[in-house]
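Have a look at the structure below, then the notes.
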Amino acid sequence: MRKNCSYFSPISPYFPHSPISPTWVQKLILLACLILLVGCQAKNSAITQTQVRVARVVSGQTLEVVGMAEQPNLISQVRLIGVDAPDLRQRPWGVQSKEFLEQVIGDLDKPVMLEFDMEAKDTIGRTLAYVWKDDKLLNEQIVKQGYALFVVRSPNQKYDQRLERAQQWARIMGQGIWNPNKPMRQTPAEFRRLNR
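For what it's worth, the numbering used here labels the leading residue of the sequence shown as 331, then goes sequentially.
What follows is the structure in structure tokens.
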């Protein structure tokens with residue numbers, strides 16, 4: 331039979347004078363939750379940006395860069411997120427797209443900043459990134475000037491609204507592939523599918 335005691339603790343009903351009080355237990359649970367949350371954040375915080383040097387422009391949507399963290403001395407391929415540039419065989423737009431990207435990158439000795447989104451690699455192992463040079467988003471620039479199409483690449487959607495607005499502007503202004511006198515008739519994806 332239990333005594334009716336003013337020191338009774340609901341946590342320890344058999345030990346009425348227990349030093350463990352409900353507030354102590356609550357504090358321990360809160361501390362454990364905080365430690366767990368901090369631990370999860372540390373594991374999930376990945377590198378979101380890195381500075382690299384462009385070795386070569388492969389096409390209007392692909393670069394070869396040097397200086398990636400995992401392979402600092404090796405060349406890595408980087409695919410611009412949200413951009414579908416014409417294939418180099420898709421004349422004249424493919425070559426123009428590549429030349430425009432070379433022009434905006436400019437001096438290859440000056441670094442560019444790669445910004446990563448949710449998915450780091452594509453199905454063939456290229457790094458997926460937004461490319462920044464002199465505070466300009468090159469993914470946006472190539473779409474805005476009409477040298478590439480904007481395509482949604484789920485789950486990488488950080489700048490989708492900017493890229494969509496850039497494409498709308500290029501279409502309205504008749505830039506590049508949107509030129510009404512010389513429009514591109516097949517999307518890059520259609521062209522690649524038909525010309526494998």
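Ideal Cβ positions, reconstructed from N, Cα and C, are used throughout, including at glycine.
Could you check where the beta strand (DSSP E) with GLN381 kicks off and where it finishes?
Mapped onto the sequence shown, residue 381 falls at position 51. Where GLN381 is concerned, the enclosing beta strand (DSSP E) stretches over 379-387.
Which full runs of the alpha helix (DSSP H) of 4+ residues lie inside the stretch 427-482, going along the chain?
468-474
Which residues in the same chain have their Cβ closer than 8 Å to the Cβ of SER375, if we skip the five residues on either side of it in sequence?
Taking the sequence shown and counting its residues from 1, one reaches residue 375 at position 45. Confidence at SER375 is low in this model, with a pLDDT of 41, below 50, so the placement of that residue should be treated as unreliable; the coordinate-derived value is given next. Cβ within range, chain order: n/a, list empty.
Which term fits LYS594, buried or exposed, when burial requires 16 or more other beta carbons within 10 angstroms of its beta carbon?
Since the first residue shown for the chain is 331 and the last is 526, residue 594 is missing from the structure and cannot be characterised.
I need the boundaries of the alpha helix (DSSP H) containing ARG522, first residue and last residue.
In the sequence shown, residue 522 corresponds to position 192, counting from 1. Note, ARG522: alpha helix (DSSP H), 518-524.
In its own chain, which residues sit with a C-beta less than 8 Å from the C-beta of GLY397, not counting the 5 before and 5 after it?
Translated into the one-based positions of the sequence shown, residue 397 becomes position 67. For GLY397, where only same-chain residues beyond five positions count, the Cβ hits under 8 Å are THR380, GLN381, VAL382, ARG383, PRO441.
Contacts around TRP462, its chain only, beta-carbon distance under 6 Å, and the 5 residues preceding and following it disregarded:
Locating residue 462 in the sequence shown gives position 132, where the first residue counts as 1. The answer, listed in chain order, is MET443.
Of the choices ASP452, ILE472, GLN498, whose alpha-carbon is the least far from that of GLU432?
Locating residue 432 in the sequence shown gives position 102, where the first residue counts as 1. It is ILE472.
Excluding sequence positions up to five away, which residues of its chain have a Cβ less than 6 Å from the Cβ of PRO416?
Stepping through the sequence shown from its first residue, residue 416 is reached at position 86. Result list for PRO416: TRP423, GLY424, SER427, PRO518, in chain order.
Since LEU468 contacts LEU410 with CB under 8 Å, what's their CB separation in whole angstroms?
Here residue 468 refers to the residue found at position 138 of the sequence shown. Here residue 410 refers to the residue found at position 80 of the sequence shown. 7 Å between Cβ atoms; contact.
Using only the alpha-carbon positions, how far apart do LEU393 and SER484 sit?
Position 63 of the sequence shown, counting from 1, holds the residue named residue 393. Position 154 of the sequence shown, counting from 1, holds the residue named residue 484. The straight-line gap from Cα to Cα measures roughly 21 Å.
Using C-beta distances below 6 Å, list every residue in its chain close to ARG492, excluding the 5 sequence neighbours before and after it, in chain order.
Translated into positions along the sequence shown, residue 492 becomes position 162. Same-chain partners within the cutoff: GLU470.
Do GLN516 and GLY476 have their C-beta atoms closer together than 7 Å?
Locating residue 516 in the sequence shown gives position 186, counting from the first residue. Locating residue 476 in the sequence shown gives position 146, counting from the first residue. Taking 7 Å as the Cβ cut-off, GLN516 and GLY476 do not qualify as a contacting pair.
In three-state terms, what does DSSP make of ILE405?
In the sequence shown, the residue the question calls residue 405 occupies position 75. Strand at ILE405.
Taking C-beta to C-beta, are PRO457 and VAL413 nearer than 7 Å?
Counting from one through the sequence shown, the residue named residue 457 turns up at place 127. Counting from one through the sequence shown, the residue named residue 413 turns up at place 83. Looking at the sequence provided, one finds Thr at residue 457 rather than Pro. Taking 7 Å as the Cβ cut-off, THR457 and VAL413 do not qualify as a contacting pair.
Quick check on DSSP: helix, strand or coil for GLY397?
Numbered from its first residue, the sequence shown carries residue 397 at position 67. GLY397 falls in the strand class under three-state DSSP.
Helix, strand or coil for LEU320, going by three-state DSSP, please let me know.
Given a span of 331 to 526 for the chain in the structure shown, any question on residue 320 remains unanswerable.
Can you name, in chain order, every residue of its own chain whose Cβ lies under 7 Å from the Cβ of TRP567, other than the five neighbours on each side?
Residue 567 lies beyond the residue range present for the chain, which begins at 331 and ends at 526; the question has no answer from this structure.
Does the beta-carbon distance from GLN420 to PHE521 come in below 7 Å?
Along the sequence shown, one-based indexing puts residue 420 at 90. Along the sequence shown, one-based indexing puts residue 521 at 191. Yes.
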